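A quick write-up on the structure given underneath.
Protein chains: 4
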Amino acid sequence: MTNALAGMYAALLSGFADNEDLDEKRQRNIVDHVLRQGLKGLYVGGSTGESGLMSTDELFEQQAVVKDATNGHETKLIAHVGQPSLRDSIRLARNAEKLGYDALSALPPHSYRFTPDEIFHYYKALAASTGLPLIIYEIPGRVGRESSVAELSAILDLPGVAGIKFSSMNLMILSQLRSKHPDSVIYFGSDETYMTGAIAGANGGIGSTYNVLGKLYVAMDEAMSGGQIERVRDLQAISRTYVERLFEVGVMPGIKLSLRHLGVDCGPCRAPFRILSDAGRKPLIDFLEQPDVKPWVS
Amino acid sequence: MTNALAGMYAALLSGFADNEDLDEKRQRNIVDHVLRQGLKGLYVGGSTGESGLMSTDELFEQQAVVKDATNGHETKLIAHVGQPSLRDSIRLARNAEKLGYDALSALPPHSYRFTPDEIFHYYKALAASTGLPLIIYEIPGRVGRESSVAELSAILDLPGVAGIKFSSMNLMILSQLRSKHPDSVIYFGSDETYMTGAIAGANGGIGSTYNVLGKLYVAMDEAMSGGQIERVRDLQAISRTYVERLFEVGVMPGIKLSLRHLGVDCGPCRAPFRILSDAGRKPLIDFLEQPDVKPWVS
Amino acid sequence: MTNALAGMYAALLSGFADNEDLDEKRQRNIVDHVLRQGLKGLYVGGSTGESGLMSTDELFEQQAVVKDATNGHETKLIAHVGQPSLRDSIRLARNAEKLGYDALSALPPHSYRFTPDEIFHYYKALAASTGLPLIIYEIPGRVGRESSVAELSAILDLPGVAGIKFSSMNLMILSQLRSKHPDSVIYFGSDETYMTGAIAGANGGIGSTYNVLGKLYVAMDEAMSGGQIERVRDLQAISRTYVERLFEVGVMPGIKLSLRHLGVDCGPCRAPFRILSDAGRKPLIDFLEQPDVKPWVS
Amino acid sequence: MTNALAGMYAALLSGFADNEDLDEKRQRNIVDHVLRQGLKGLYVGGSTGESGLMSTDELFEQQAVVKDATNGHETKLIAHVGQPSLRDSIRLARNAEKLGYDALSALPPHSYRFTPDEIFHYYKALAASTGLPLIIYEIPGRVGRESSVAELSAILDLPGVAGIKFSSMNLMILSQLRSKHPDSVIYFGSDETYMTGAIAGANGGIGSTYNVLGKLYVAMDEAMSGGQIERVRDLQAISRTYVERLFEVGVMPGIKLSLRHLGVDCGPCRAPFRILSDAGRKPLIDFLEQPDVKPWVS
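Protein chains in written order, with UniProt numbering: chain A, 1 to 298; chain B, 1 to 298; chain C, 1 to 298; chain D, 1 to 298.
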């Protein structure tokens with residue numbers, strides 16, 4: 001089961017109208033662009049999709065639009081359903097199952113400082129709520145503490161849990177999880193250092209910048225499998241430079257600006273995210289036009 | 001304007017049905033109990049109210065129920081409207097204004113790591129969206145970083161901003177804010193060390209345990225004003241011991257258990273909060289039955 | 001025993017020659033100045049004294065000079081002996097006992113991330129090494145983690161341990177320690193918020209800025225005992241403003257500059273501490289010349 | 001210059017007598033054992049050597065003993081000279097130069113929270129004090145904050161600075177430094193995840209467990225250069241398991257226990273490090289006797 005999910009996924013952006021409403025046309029524009037990257041699949045309704053600023057009802061709608069927009073393609077679809085309350089998470093999970101999604105994923109509960117026991121039971125109930133495989137999540141920067149290997153391992157052992165999205169810099173923990181759970185999918189969540197997670201045992205990646213540089217990540221994954229370390233480093237250097245540019249203007253606003261530059265009508269971010277100053281745009285656009293970058297975004 | 005808001009407020013709990021739906025009857029039970037504490041007012045729809053697990057629509061409904069349940073009382077009502085997106089925050093703020101609330105408050109935006117600039121503009125837009133005074137919020141444990149005095153001061157200087165709820169241990173910053181903003185309300189958010197915030201310049205408090213020990217906090221505030229330091233310490237010791245008991249079982253579940261023990265039918269917490277183990281209950285109940293505590297909760 | 005130690009102490013500066021060697025004359029100049037502040041005593045060889053940059057041999061010499069310079073005065077002397085290794089700590093402790101110091105104190109071992117068990121045994125061995133009362137230390141900013149109440153309480157229960165220097169913002173823990181250890185001395189280590197530690201249960205203070213504003217801290221302590229909260233706040237505001245000025249130029253260099261401005265030939269700090277830029281000096285000197293400050297430093 | 005220093009180094013242990021004095025014979029025993037590992041060199045007087053618990057005079061003595069014990073071998077010698085004060089650091093640096101060491105290294109100043117400007121000037125003065133190349137150090141866990149790329153890059157650009165020992169989990173920063181400083185040596189300081197630092201751009205490693213598993217790290221480095229990713233992972237798994245065992249008993253005590261088991265009379269750690277409980281020893285010894293481990297430690 002898990003091998004079928006391994007690989008490289010775009011953490012899909014959400015398409016908003018100029019008034020910040022969810023916009024079906026723009027959502028389809030984004031999906032169409034990402035499908036052309038040749039990735040393994042899409043991670044729908046996650047943090048990159050600004051789901052932290054969207055209502056559960058909007059996420060229902062988005063799940064349906066994205067599913068419809070990918071009909072006829074071989075892409076895998078993972079629905080992020082990690083809403084603050086367990087009941088909303090389960091409602092979203094069941095909707096995704098009904099629509100034909102391939103897997104679920106969920107942030108750990110994060111609206112409060114929940115105990116490890118509360119996190120365990122959240123994932124246990126969620127995993128039991130559908131027949132879909134569930135991808136859990138480690139993201140200390142969002143939750144406020146690092147999980148131990150024992151805590152993560154206990155959740156990975158639950159029926160229905162197929163893997164983890166690992167967005168932490170602690171690669172000791174990643175490699176310990178790989179050793180204890182050889183059949184689990186481990187997606188590394190740091191685009192700019194993907195190669196370090198891959199050598200530590202990740203067999204897939206999920207990232208924001210894959211919306212723009214998807215082809216490059218596919219190539220990096222192949223080079224990694226082939227032991228072509230120098231090529232891996234060269235491709236990673238391009239990805240890292242892009243992230244450096246994004247840090248200057250804000251990651252989500254910067255990616256949406258990039259897509260607009262590439263001809264994708266994707267709309268704005270939702271407030272409190274701020275619109276880019278004109279000053280910040282130029283280095284980002286210049287990057288996309290560099291001779292060594294252009295082939296990856298064309 | 002600000003003096004009119006100073007004082008002691010309960011961070012109101014939410015009343016849920018056994019199936020975790022918002023329950024009007026139980027919400028009224030909680031309001032009735034808290035009104036008997038003699039506090040200055042209620043802080044409605046905040047973190048203590050599990051608003052982090054509720055939808056914007058539920059918060060609309062709760063605002064109306066609480067307003068109705070307090071009709072005929074002199075209590076002040078502050079509506080917490082800090083939803084993840086600015087647009088939902090503004091919708092809630094306007095609803096509160098229409099219903100006749102006295103003030104607004106909002107967590108800083110916290111679904112992502114927003115920049116100080118984004119936080120400033122969030123509060124600026126929110127403060128401008130109604131005619132009600134706005135109470136901002138400093139809570140590093142939730143947002144992931146401590147704001148500087150300059151950042152907080154710039155927001156306090158915005159038109160329509162009347163004060164701050166300060167839930168941080170950095171009392172140097174609290175006293176600097178008091179010095180720079182003598183007319184602002186500063187509510188201290190740490191129940192168990194209220195006296196330390198008060199001596200540093202807070203002229204009010206907002207807390208979870210005020211739902212249970214409201215009379216005691218009113219008495220502590222009076223003793224502080226009168227320079228009766230030993231009495232302040234004695235009352236604070238009771239409050240601190242209660243918080244120690246709550247830490248053993250979880251704060252929100254423990255307060256709801258306390259209320260039920262006191263005869264208030266308030267229902268459960270919403271998952272992922274967990275139900276108390278029986279083992280944890282006894283020390284909490286024993287505390288409420290202590291001879292020095294009982295008068296404060298009767 | 002412990003009551004005899006309670007009160008306000010200057011964390012004594014070290015006097016260095018222009019070439020940064022320990023300088024007896026300048027050390028005596030500093031001691032003479034501080035003795036005129038009317039404080040309860042001196043805390044010798046601590047962090048403020050740049051002991052983190054001095055050898056054990058230098059600390060031996062300093063203990064002797066300071067003891068000699070205080071002969072004939074009623075001041076209490078606490079020797080800080082918290083060197084990285086236990087053996088050096090014990091050697092310093094025995095030297096202090098031989099010289100007639102009144103008490104010992106020691107940072108928790110901090111050269112490595114020691115376990116709570118290692119810290120406990122360090123203090124146990126040190127407390128047993130002389131007949132002097134020992135003041136332990138809580139300073140999360142230096143050690144990298146916050147101790148629990150249980151850990152600190154176990155050390156306070158050791159034979160020979162008389163109290164704690166508490167340099168943490170967690171006043172819940174301070175008040176819990178006060179409740180569990182009513183006979184221990186608790187010195188609060190944050191000059192700029194002394195009043196918040198005092199109301200939480202501290203019965204003394206040890207601070208860097210006491211070298212300059214010692215008289216003011218004595219007055220603040222008296223006002224606190226008398227329940228004169230407004231006077232406490234006024235005095236604390238002066239102390240806080242001084243600390244704000246010091247933060248702009250570096251605490252230790254700024255205090256030495258202050259003393260030189262007040263006519264005390266105390267020499268430079270030791271590198272890596274940097275010399276003040278001229279730009280930074282003016283606000284600091286201006287502060288010392290303010291009409292409301294000048295009486296306290298004359 | 002820098003290529004000559006690249007490679008794998010043991011962070012050398014110190015040999016203490018049973019009374020914890022520095023012991024020449026035991027120091028030589030350790031050196032002899034490590035020389036047989038086939039590593040590029042030794043890193044002398046660093047944190048692993050418990051230099052944080054030793055006096056500057058002892059470090060002088062150790063430099064001489066180690067130099068003498070390696071006469072006739074091709075091993076490179078890097079002297080760690082990062083004492084708390086700049087003057088002691090310089091004295092140690094000049095001694096190392098006189099003795100014929102190949103390079104210097106120094107922890108950033110860490111006894112106080114120094115500013116980036118103070119850290120820069122510390123390294124600048126140290127680099128100028130001898131003709132030896134200097135290896136700087138990034139170790140947020142010890143210093144209390146993470147340096148920015150700009151801060152580290154400015155120090156790497158100083159005359160005489162040849163590289164960095166990087167003991168941080170932030171591999172984005174490591175790869176940015178590699179990109180900006182292609183000629184610098186970057187030693188990765190995390191033994192248990194060496195492969196992740198190596199793929200990100202490290203061209204060497206310095207570690208505690210190299211004292212025991214030195215041959216394995218040499219083999220891992222060769223496999224990495226050859227693109228044999230599976231072999232790298234297999235070797236890293238052994239190293240990681242060893243570190244897991246060490247975490248159970250304390251790293252430094254555990255390594256000394258390991259050496260004693262392998263027949264090296266190396267003595268105890270210095271207090272406050274604690275002696276191992278018997279309970280903790282067995283899993284460590286069992287590891288060293290595993291069939292897949294034994295060849296690496298024989």
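Just so it is clear, CB atoms sit at the ideal spot from N, CA and C, and this is done for glycine as well.
A quick note: this is a predicted structure, and the numbers were derived from the prediction, not measured.
Item                                                                                                                                                                     : Value
Please list the partners that residue 12 of chain A has in chain B, where partner means a Cβ-to-Cβ separation under 9 angstroms.                                         : Ordered by position in chain B, no residue passes the 9 angstroms Cβ test against residue 12 of chain A, which lies about 16 angstroms from the chain.
May I ask which residues mark the beginning and end of the beta strand (DSSP E) holding residue 105 of chain A?                                                          : 103 to 105
Which of helix, strand or coil does DSSP assign to residue 54 of chain A?                                                                                                : coil
Closest to residue 293 of chain D by C-alpha separation, out of D:143, D:215 and D:281, would be which residue?                                                          : D:215
Find out if the Cβ-Cβ distance for the pair residue 130 of chain A, residue 93 of chain A is shorter than 8 angstroms.                                                   : yes
Listing by chain order, which chain A residues have their CB less than 8 angstroms from the CB of residue 227 of chain D?                                                : 227, 228 and 229
Roughly how many angstroms separate the alpha carbons of residue 238 of chain D and residue 227 of chain A, rounded to a whole number?                                   : 21 angstroms
Find out if the Cβ-Cβ distance for the pair residue 218 of chain D, residue 53 of chain D is shorter than 8 angstroms.                                                   : no
On the CB-based measure, 16 or more other CB atoms within 10 Å of its CB, does residue 115 of chain D come out buried or exposed?                                        : exposed
Put residue 1 of chain D into one of helix, strand or coil per three-state DSSP.                                                                                         : Confidence at residue 1 of chain D is low in this model, with a pLDDT of 43, below 50, so its placement is unreliable and the value that follows should be read with caution. Here residue 1 of chain D sits in coil by DSSP.
Look up residue 273 of chain A in the DSSP assignment and say whether it is helix, strand or coil.                                                                       : coil
For residue 211 of chain B versus residue 139 of chain B, is the C-beta distance shorter than 8 angstroms?                                                               : no
Whole angstroms are fine: how far does the CA of residue 213 of chain A sit from the CA of residue 296 of chain A?                                                       : 6 angstroms
Tell me, please, whether the CB atom of residue 129 of chain B is closer than 8 angstroms to any CB atom in chain A?                                                     : no
Mind checking residue 291 of chain B: buried by the 16 CB within 10 Å criterion, or exposed?                                                                             : exposed
In or out: residue 273 of chain B buried (at least 16 other Cβ within 10 Å) or exposed?                                                                                  : buried
In the structure shown, what three-state DSSP assignment does residue 169 of chain D receive?                                                                            : coil
Within 10 angstroms of the Cβ of residue 283 of chain C, are there 16 or more other Cβ atoms? Answer buried if so, exposed if not.                                       : exposed
When the Cα atoms are used, what is the spatial distance from residue 45 of chain A to residue 162 of chain A?                                                           : 19 angstroms
Output, in chain order, the set of chain D residues within a Cβ distance shorter than 9 angstroms of residue 179 of chain C.                                             : Per Cβ cutoff of 9 angstroms: no residues; residue 179 of chain C is ~29 angstroms from chain D at best.
Against residue 116 of chain C, what residues of chain D qualify as contacts under a CB-to-CB distance less than 7 angstroms, listed in chain order?                     : Within 7 angstroms Cβ-Cβ: nothing; residue 116 of chain C doesn't reach chain D, min ~11 angstroms.
Going straight from the alpha carbon of residue 8 of chain B to that of residue 59 of chain B, what length do you get?                                                   : 23 angstroms
Under a Cβ-count criterion, where at least 16 other Cβ atoms within 10 Å of its own Cβ denotes burial, should residue 203 of chain C be classed as buried or exposed?    : buried
If you drop the 5 nearest sequence neighbours on each side, which residues of the same chain put their C-beta closer than 8 angstroms to that of residue 109 of chain C? : 82, 84, 86, 118, 119 and 122
Can you give me the C-alpha to C-alpha distance between residue 165 of chain B and residue 152 of chain B, rounded to a whole angstrom?                                  : 11 angstroms
With a threshold of 8 angstroms between beta carbons, is residue 172 of chain A in contact with chain D?                                                                 : yes
Hey, residue 73 of chain D and residue 35 of chain D: beta-carbon distance below 8 angstroms or not?                                                                     : yes
Nearest to residue 286 of chain D by alpha carbon, out of D:245, D:253 and D:150?                                                                                        : D:245
Kindly indicate which residue of D:157, D:193 and D:199 has the alpha-carbon position closest to the one of residue 183 of chain D.                                      : D:157
Should residue 159 of chain A go down as buried or exposed, given a rule of 16 or more other Cβ atoms within 10 Å for buried?                                            : exposed
Report the rounded CA-to-CA distance for residue 229 of chain C versus residue 258 of chain C, giving the unit in angstroms.                                             : 28 angstroms
Applying a beta-carbon distance threshold of less than 7 angstroms, which residues of chain A neighbour residue 20 of chain B?                                           : 87
Which term fits residue 67 of chain B, buried or exposed, when burial requires 16 or more other beta carbons within 10 angstroms of its beta carbon?                     : buried
Given that a residue counts as buried once 16 or more other Cβ atoms are within 10 Å of its Cβ, and exposed if not, what is residue 16 of chain A?                       : buried
Our contact map puts residue 43 of chain C next to residue 80 of chain C with C-beta atoms below 8 angstroms; I'd like the distance itself, whole angstroms only.        : 6 angstroms
Can you check whether the C-beta of residue 54 of chain C is within less than 8 angstroms of a C-beta belonging to chain B?                                              : no
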